[in-house]
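Taken in sequence, the protein lines are chains A, B, C and D. Residue numbering for the first sequence follows my numbering, beginning at 207 and increasing consecutively. Residue numbering for the second sequence follows my numbering, beginning at 207 and increasing consecutively. Residue numbering for the third sequence follows my numbering, beginning at 207 and increasing consecutively. Residue numbering for the fourth sequence follows my numbering, beginning at 207 and increasing consecutively. Quick notes on the structure that follows.
Number of protein chains: 4
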Amino acid sequence: MIDFRSDYLEGAHESVLALLAQHNMRQSLGYGEDAHCARAADRIRQLIGCPEADVHFVSGGTQANLTVISAILRPHQGVISATTGHISEHEAGAIEATGHKVLVLPEQEGRVSPQDVRAMVQAHYDDASFEHWVQPGMVYISNTTERGGTYSKQQLTALSDTCRELGLPLYMDGARLGYALAEEGTELTWTDLPKLCDVFAIGGTKQGALFGEAIVVVNEQMKKDFRYIIKQKGGMLAKGWLLGLQFEALLEGNRYLELAAQANRLATSFRDALQAAGITFLTPSNTNQQFPILDNKALDALKDKYGWSTIKKINDTHTAVRFCFSWARTQEEADQLTQDVVAAVKAL
Amino acid sequence: MIDFRSDYLEGAHESVLALLAQHNMRQSLGYGEDAHCARAADRIRQLIGCPEADVHFVSGGTQANLTVISAILRPHQGVISATTGHISEHEAGAIEATGHKVLVLPEQEGRVSPQDVRAMVQAHYDDASFEHWVQPGMVYISNTTERGGTYSKQQLTALSDTCRELGLPLYMDGARLGYALAEEGTELTWTDLPKLCDVFAIGGTKQGALFGEAIVVVNEQMKKDFRYIIKQKGGMLAKGWLLGLQFEALLEGNRYLELAAQANRLATSFRDALQAAGITFLTPSNTNQQFPILDNKALDALKDKYGWSTIKKINDTHTAVRFCFSWARTQEEADQLTQDVVAAVKAL
Amino acid sequence: MIDFRSDYLEGAHESVLALLAQHNMRQSLGYGEDAHCARAADRIRQLIGCPEADVHFVSGGTQANLTVISAILRPHQGVISATTGHISEHEAGAIEATGHKVLVLPEQEGRVSPQDVRAMVQAHYDDASFEHWVQPGMVYISNTTERGGTYSKQQLTALSDTCRELGLPLYMDGARLGYALAEEGTELTWTDLPKLCDVFAIGGTKQGALFGEAIVVVNEQMKKDFRYIIKQKGGMLAKGWLLGLQFEALLEGNRYLELAAQANRLATSFRDALQAAGITFLTPSNTNQQFPILDNKALDALKDKYGWSTIKKINDTHTAVRFCFSWARTQEEADQLTQDVVAAVKAL
Amino acid sequence: MIDFRSDYLEGAHESVLALLAQHNMRQSLGYGEDAHCARAADRIRQLIGCPEADVHFVSGGTQANLTVISAILRPHQGVISATTGHISEHEAGAIEATGHKVLVLPEQEGRVSPQDVRAMVQAHYDDASFEHWVQPGMVYISNTTERGGTYSKQQLTALSDTCRELGLPLYMDGARLGYALAEEGTELTWTDLPKLCDVFAIGGTKQGALFGEAIVVVNEQMKKDFRYIIKQKGGMLAKGWLLGLQFEALLEGNRYLELAAQANRLATSFRDALQAAGITFLTPSNTNQQFPILDNKALDALKDKYGWSTIKKINDTHTAVRFCFSWARTQEEADQLTQDVVAAVKAL
C-alpha cells in the first residue's frame, strides 16, 4: 500500500541521514548555539539575500506558529488567518492557549486577500466600541496553503503592501514553502521573502527532513529576546544541532527546491490525467497536494492499495479527497496511482 | 577538547541510528499512531509492569513538563517543586506561561521532602484567607535530580504516601531516569514507578536518544484527552514514529540502564579519585553528574582541554563546577580527565 | 436627550441606594464572607428552589463569564457560543486570554439550537484527526440574548437535554435574565434554571444595580474551589458586601421581575406602535431591546433628542438600530419616543 | 465589636455617597467615557502636575495589578516584587494566570531595594544560559507597603534611577497611597509620582471609596491600547462613571490625604502608647497599619471586643498581629483600643 495521506510519512532524504551519521558522535553545543545551526543560518541568509535576518530552528510547525505569534502580539490582539489556516483548524487551540484569538477570513485556494484584511481592520475601527473587540494585530498566511494554493509574487506583494499600510506584521508559515517556490512558472523566489514578510518559516518536516522548521525573523523589532520565547514554549531542542544539520543537508545546492519540484511534477501530471478523464477538483492546485472529487465507489475500489485524506463530502455519491505527493514518491508510483484512479472511475 | 558540560552533547547511541536507517523510507502514520510508538509503549508497559498505563512521546523535556503540569492542574493551582527543580529555574517561565505558579521548597541534593510538602500544604489551609493564595495542586520531582541526587525506594515511597494523603498528584521528571535506576545499590526499579507516581517521564535526550521523552500516565483520571494537550502545546511530532523508534532501540534488552550504569561508573570513579586527592564536593552524588569544588587556578589550567558547567562561586578562590558524564564517554576519557584534574590541583 | 443606547446608563434603583446608605458605616467582613452576601445567596437559593446551590457575586459580566468558563474547561477545550454571544464579540478576547477558543454557531434571535450543538460535536468526533481540533467543552448561552430573544421553557429544556446527553456543561449568562423571566407569556421561571443549567448568572448591572452579577453554581463538580478562581481573575471585590447588599435590595419581594416587566412593557408597546406604522424589525423581540430598521433620514431627525445603538447597515438608505429600555424609563418617555419615531418616519 | 482587621470594612466616605445620590438617575455613557471619569482624570492630572498622563479606572486592586503587569510585559518576562508584595502572596496566582512569573526579592518593611534589583538583573545576564530563565521585565512596588512601610522621596528616587538605568519599567501599586503621602514628615508628594514611576495606581477601596482604583499611565509607550486590556481582563465597569464619581468626591480639595492623615495619626498614637508600655513590634510603621507582637493571653482577652489580623507566630507565647486603622475610625475608638491593649498586657 502506498500512502498519499500526507507528505510526512517517510523519514528524511538520504543526504540528511548521511550527514547525521557523520556527525553523530561529535560533541556539539546545545540549544542551537552550535556550528551546524550557524552554517544553516548563514546558508538561509545567503539564499534569501538578507544578511541581517535572524534564523532560529524549532522542532515542529505548531511550535513555530505559536512561538512567532505569541512573540509578536500584545495581549489584546488577535491574528488574522484564512478559515483554512493551520492555526485556525489544526492546532488544537495552540494560539488561543497563548491567549490570542484567531480572527478568520474567507479563503481563496487557502489564501487571504488584501481586500478582506483591509475590510476586517476597517470594520474593527469603525465600531463605536472597538475596544470591546479583539484588535487585529498581525496576519498569518501559509504558502503553499492548506488547499494547495500559492501566492504569486504579485499577490504576496499586494498583501504585504496592505499589511504595512495597516501596520500589521505579516507572518508566512512555510511548512510547505518548497512546493510554493518550486511551483512551475512562479515568479516568487527566496529573495522576495524577506522583502515581503516580517517573519517566515521554512519547513523541514514536509520537505525532506526528519523534523524541524526554520524561523526567519526579518523585522528588526521582532528579533529581540526571541530565543527566550522559543525556550519557554518548549521549542528549543537540547540537541538543537540536529535541526541545523538537517537544514545544512537540505539547503545544499538546489536540493530543497529540486525535491519539491519533483513532487509537484508528479502531482500535476496526476491532476492533468484525472482532468483529461473528466474528473473535477475541489480547488485548483499546481503543487504537491491535489483535491479530486471522486465517486465513493471508486474510492472503495482503491482503498486497499492507496491511502489519502478525506476532505469534504460533496454529495451522497461523491467526496473530495486529498492526494499528497511527498518528495519521496517516484514517477512509477505516481503513474500507477494515476492509472488506477482513472481506471476505477471509468469502471463505474 | 572533551566537553563534560552536559550529557546531551552527542547524537544517539548507534542502535538508534541503525534502526532509523532501516525504517527511514518506510511510510508510517503520523502523530504517534504508528507501529513504532505502539511497540515502544508496549515495551514500557512491560518494563514497568503496568499494562494499563498510557504512554505518549514528546519532543523534549520542557515540552513534557509543561504538557503534564498544564494537563493536571486547575487554573488556581500551582505545582510544588524544589528550588533547583528544572521547571523552577531552567525553563524560561514555561509553567507560568501555562498560567500556573511554581511553589518552591528547599532541596536536599535536589530532592523534595515529604515533611516540606506537608508543611506547605498545612500552611496554605491554615491561612485565614487561603483562597487568596495559589493552591498547591501537585508535586513535581526530578529523578535523577538537577544536583545528581536520587530518590531511594524508601524516600520515593514516603513522598508518594504523603502526596496521596494530601490529594496531590505526583509527577516525576525522568529526564535522567536511567542514571537513577542504574545507581549502584539502589532498590528503586522500573516496577516501583507506576506504583508511586501518577505520571512520570522517561528521558531520551540525555540517555542515548537524539531527542524525545516518554510520558507515562498511570493515574486513570489523568489519561483522558491527553493527546489534545500534547498537540496544543506543540509537543506532537508529525513524524512521531521517530520518537517511538528511538525508545524501541534504547529499551531493547537492558540497554537503557547499561548505558546509564556505564556513565555512573565513570562519574563515581572520577569522584572517588578526587576525594582521595582531598577535593571536596558541593553535594554528594552517585550518578553521572559530579560537582567538585575546585581552585580557580586549577580550572584555568584545565580549560583548554575540558569543558564543564560553572554552578556556583564558593569564595574568591574556589568554584563549584559540574562534570557531566554522558553514556558516550569512555573509560579512557574519564581516566584522562581524572588524572588531569588531580594533577592540576596538586600543581597549585 | 434621552439615551436608549443601553440599559446600564443610570445608577441603581432607589431601594439599592437606600439599603446602601443604611449600612454604609457598619463594618462588614471582606471578600463576600459577610451577612449581606449570605442573605442574598439564601434569597437566590429560595427563589430558584435549590438549597444546595453555591452563590457567588462578582463585579461585572465579563468577569462572570471569564471566571465561569475558565473554571469549567480543561486546557484543550473550547466553549460553544452563538456568533452574537457576548463572549464571542464583546469581550476583547477575554475568553481567549484564559486560553480557550470560542467555537461559534449560527444564531436564531441570538439563541443556540440543540441541533447545531449536536452537529458541531458530531463533526468534531467524526474527524479523523479530532485531537488536532479544539474539543467542544461546554455551551454558553445568554438569556435574554444579545438580540433581545429569549429561550422558552421548551427550548431551554431541549438544549439542556442535548447538552447532558453530549456531556457538555451548560452555562447561561443572565446579564439580562430579568427581562427574559418577565417576558409576557413565558413559562420559564426561576425554579427551572437550576434544573436546566449547570451554572448561571443573574445580572445586576442591567437590572437595577449599580454593578455586579450573581453566579449560581448548581453542578456539584463545579463548586470546588470556585472562590480561588474568582480571586485570581480579579472578580473578588474587597467590599464584597456591596454586591450582596444590592441583590438583597433587588430580590426583595418581586422587585427584580417587576422592574424588568415594566421595561418590557414599554419596549413592546414601542414595537407594536412602530409595526403598526409599517416599520420592520431586524429580529423579533418581546423584551426590553428592540431592533427597528429605520430610514437614515429619520434617524438623522431623531438624533438630537434620543440616543440608540447602530447595529447593522441594511442598505444605502436604511439601518438597523437598537433601542434599549432600561428599568428606569417611564411610560411618558417611551410614549414620547414612540411618537417621535413614528412621526419622523411618516415625515419622510 | 470594632474590627481593625482591615481598612476596607466600611462603605464610603459620606461625600462619595452624597455625590452618588445626586447623580444616580442621570444617564451617563458607559465604560469610562463619561463626564465623571473625565473630571476625575483631569483632577488627578492636575494633582500630579502631569497633563499628558493617561488615567483609567478599574474595579479593584488585583484588577489593577494584573492589567498593568500584563500590559507591560512580553511573554518571557517576569515582574520583580518583594516577597511580601501583594502580587506575590495575595492574589491567588493572578499574575501567573496572565502568563508571567513573579520574581521575588527580600523586603525591608515591605520595600524593594535598588541594590537587590540590580543584583537580580546582573545575576540573570551573568548566567551562561540566561535565555532559559525568566527575564526580569519590570519592577512592582507597593506604597504604603503590605508591612506599613513607605518609600521616602530619596528611596523612591534611587529605585527609579536604578530601574531606568536597567531598562525596567517601575509600577507602584498605590492601594494605600494616601497613607504614604500623608505620612508625617514625608517629602514625597503627588508631583513626584509621574517623575519617578512609569505607571502607578491610586487606591480607592482602602481610602474612602466603595471600590475602585485609578491607574495612571505616564510612560508614553505604555499608553497605547490600554483600554482594550482593561476590557479583556474584566476590569472595565459598564457603569464606569461610578468609579470616576468616587474619585471626584475623594480628590476634592485635600480630602484624600486628610482622611489618610487622620488614620495615620490614630495608628501612630496607638503605636507610641504600646511602645511606652514596653510592647515591641514586628516592623516599624508610621502609617495606618501597626504590627505589635502580643502575648497570646492578652489577645485572648481582647478578642471579643476587637478584630485584627494574625500575621506571624513569633514563639509559643507571642504572636505578631496587625491592627489596621481605616479613615473611618475615630479618636475615641482608637483611644479605647489603646487603653484595652495596654491593660490586657499589663494584666498578665
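Even glycine gets a Cβ: it sits at the ideal position worked out from N, Cα and C.
Contacts of residue i in chain D (Cβ-Cβ under 9 Å)
{"i": "A:Q341", "result": "D431, Y434"}
{"i": "C:H229", "result": "G217"}
Span of the alpha helix (DSSP H) around residue i
{"i": "B:P320", "result": "320-332"}
{"i": "B:V548", "result": "537-552"}
{"i": "D:D506", "result": "502-508"}
{"i": "A:F476", "result": "461-482"}
{"i": "A:E295", "result": "292-295"}
{"i": "B:L402", "result": "399-402"}
Neighbouring residues, chain C, relative to residue i (Cβ below 7 Å)
{"i": "A:G284", "result": "G299"}
{"i": "B:S276", "result": "P281"}
{"i": "D:G484", "result": "The contacting residues do not exist; D:G484 stays about 30 Å from chain C at best."}
Under 7 Å by beta carbon: chain D residues contacting residue i
{"i": "A:S221", "result": "Within chain D, no residue comes near A:S221; the closest Cβ sits about 31 Å away, beyond 7 Å."}
Residue i Cβ short of 6 Å to the ligand GDP heavy atom set
{"i": "B:A444", "result": "For the ligand GDP, the structure offers nothing, since it holds no ligand at all."}
Where the beta strand (DSSP E) containing residue i begins and where it ends
{"i": "A:F406", "result": "405-409"}
{"i": "B:E426", "result": "B:E426 -> no beta strand (DSSP E), and no H or E assigned at all."}
{"i": "A:A526", "result": "524-530"}
{"i": "B:K519", "result": "515-519"}
9 Å Cβ cut-off: residues of chain A touching residue i
{"i": "B:Q361", "result": "By Cβ distance, chain A contributes nothing, its closest Cβ being about 27 Å from B:Q361, past 9 Å."}
{"i": "B:G236", "result": "R211, S212, Y214, L215"}
Partners in chain B for residue i, counting only beta-carbon separations shorter than 9 Å
{"i": "A:A534", "result": "M231, Q233"}
Beta-carbon neighbours of residue i, restricted to chain A and to distances below 7 Å
{"i": "B:L496", "result": "Note that residue 496 of chain B is Gln in the sequence shown, not Leu. Those do not exist, as B:Q496 stays about 18 Å from chain A at its closest Cβ, beyond 7 Å."}
{"i": "B:Q269", "result": "G440"}
Cross-chain neighbours of residue i in chain C, by beta carbon under 8 Å
{"i": "D:Y462", "result": "Those do not exist, as D:Y462 stays about 18 Å from chain C at its closest Cβ, beyond 8 Å."}
Proximal chain D residues relative to residue i, where beta-carbon distance stays under 8 Å
{"i": "C:G266", "result": "S265, G440, M442, L443, A444"}
Within chain B, the residues that residue i reaches when beta carbons sit closer than 8 Å
{"i": "A:L272", "result": "G440"}
Ignoring anything shorter than 3 residues, give me the beta strand (DSSP E) runs that lie fully in the stretch 255-289 of chain A, in order along the chain. Taking 3 residues as the shortest admissible run, the stretch 255-289 of chain A contains the following complete beta strand (DSSP E) segments, listed from N- to C-terminal end: 260-264, 283-288.
Interfacial residues, the stretch 295-324 of chain C to chain A, with Cβ spacing under 9 Å: Here the close residues are E295, H296, E297, A298, G299, I301, E302, A303, T304, G305, H306, K307, V308.
Contact between the stretch 450-460 of chain A and the stretch 297-310 of chain D (3+ Cβ pairs under 8 Å): The stretch 450-460 of chain A makes no contact with the stretch 297-310 of chain D, as fewer than three CB pairs between them are under 8 Å.
The stretch 323-338 of chain D: which residues have C-beta closer than 7 Å to a C-beta of chain A, in chain order? Here the close residues are E337, H338.
Of the residues that make up the stretch 499-518 of chain D, which ones have a beta carbon closer than 9 Å to any beta carbon in chain C? Among the residues of the stretch 499-518 of chain D, those with a Cβ less than 9 Å away from any Cβ of chain C are G513, in the order of the chain.
Alpha helix (DSSP H) runs wholly inside the stretch 298-386 of chain C, at least 4 long, in chain order: Taken in chain order, the complete alpha helix (DSSP H) segments of 4 or more residues contained in the stretch 298-386 of chain C are 300-303, 320-332, 359-372.
contact_flag[the stretch 461-471 of chain C, the stretch 429-449 of chain C] where n(CB pairs < 8 Å) is 3 or more: Verdict: no, contact absent.
At least three beta-carbon pairs within less than 8 Å, the stretch 345-352 of chain B to the stretch 316-326 of chain B: Yes, the stretch 345-352 of chain B is in contact with the stretch 316-326 of chain B.
Taking a cut of 7 Å between CB atoms, which residues from the stretch 434-456 of chain A lie near chain B? Of all residues in the stretch 434-456 of chain A, the ones placed with a Cβ closer than 7 Å to any Cβ belonging to chain B are Y434, K437, Q438, K439, G440, G441, L443, A444, K445, L448, in chain order.
Positions along the stretch 409-433 of chain A whose CB lies within less than 7 Å of some CB in chain B: The residues in question are T411, L416, F417.
Would you say the stretch 227-237 of chain D touches the stretch 207-215 of chain C, given that touching needs at least three Cβ pairs under 8 Å? Yes: the two stretches touch, three or more of their Cβ pairs being nearer than 8 Å.
Touching by the beta-carbon criterion (3+ pairs, under 8 Å), the stretch 421-431 of chain D and the stretch 257-266 of chain D: Yes, the stretch 421-431 of chain D is in contact with the stretch 257-266 of chain D.
For the 8 Å Cβ check, are there 3 or more pairs between the stretch 323-331 of chain A and the stretch 266-280 of chain A? By the Cβ criterion, the stretch 323-331 of chain A is not in contact with the stretch 266-280 of chain A, since fewer than three pairs of Cβ atoms, one from each stretch, lie closer than 8 Å.
If contact is defined by three or more beta carbon pairs under 8 Å, each pair taking one atom from either stretch, is the stretch 409-418 of chain D in contact with the stretch 379-392 of chain D? The count of Cβ pairs closer than 8 Å, one atom from the stretch 379-392 of chain D and one from the stretch 409-418 of chain D, reaches three, so the stretches are in contact.
Count Cβ pairs between the stretch 534-551 of chain A and the stretch 496-515 of chain A that sit closer than 8 Å; are there 3 or more? Verdict: yes, contact present.
Residues of the stretch 363-386 of chain A in Cβ contact with chain B at a cutoff of 8 Å, in chain order, please. Within the stretch 363-386 of chain A, no residue qualifies.
At what residue ranges does the stretch 430-459 of chain D contain a whole run of the alpha helix (DSSP H), taking only runs of 4 or more? Every alpha helix (DSSP H) stretch that sits fully inside the stretch 430-459 of chain D and reaches 4 residues is listed by chain position as 432-438, 447-456.
Mind the definition here: the stretch 396-406 of chain C touches the stretch 482-491 of chain C only if three or more C-beta pairs lie below 8 Å; say whether that holds. Contact fails between the stretch 396-406 of chain C and the stretch 482-491 of chain C, because fewer than three Cβ pairs, one in each stretch, are under 8 Å apart.
Of all the alpha helix (DSSP H) runs that stay within the bounds of the stretch 209-247 of chain C, which reach a length of 4 or more residues? Qualifying alpha helix (DSSP H) stretches, in chain order: 220-229.
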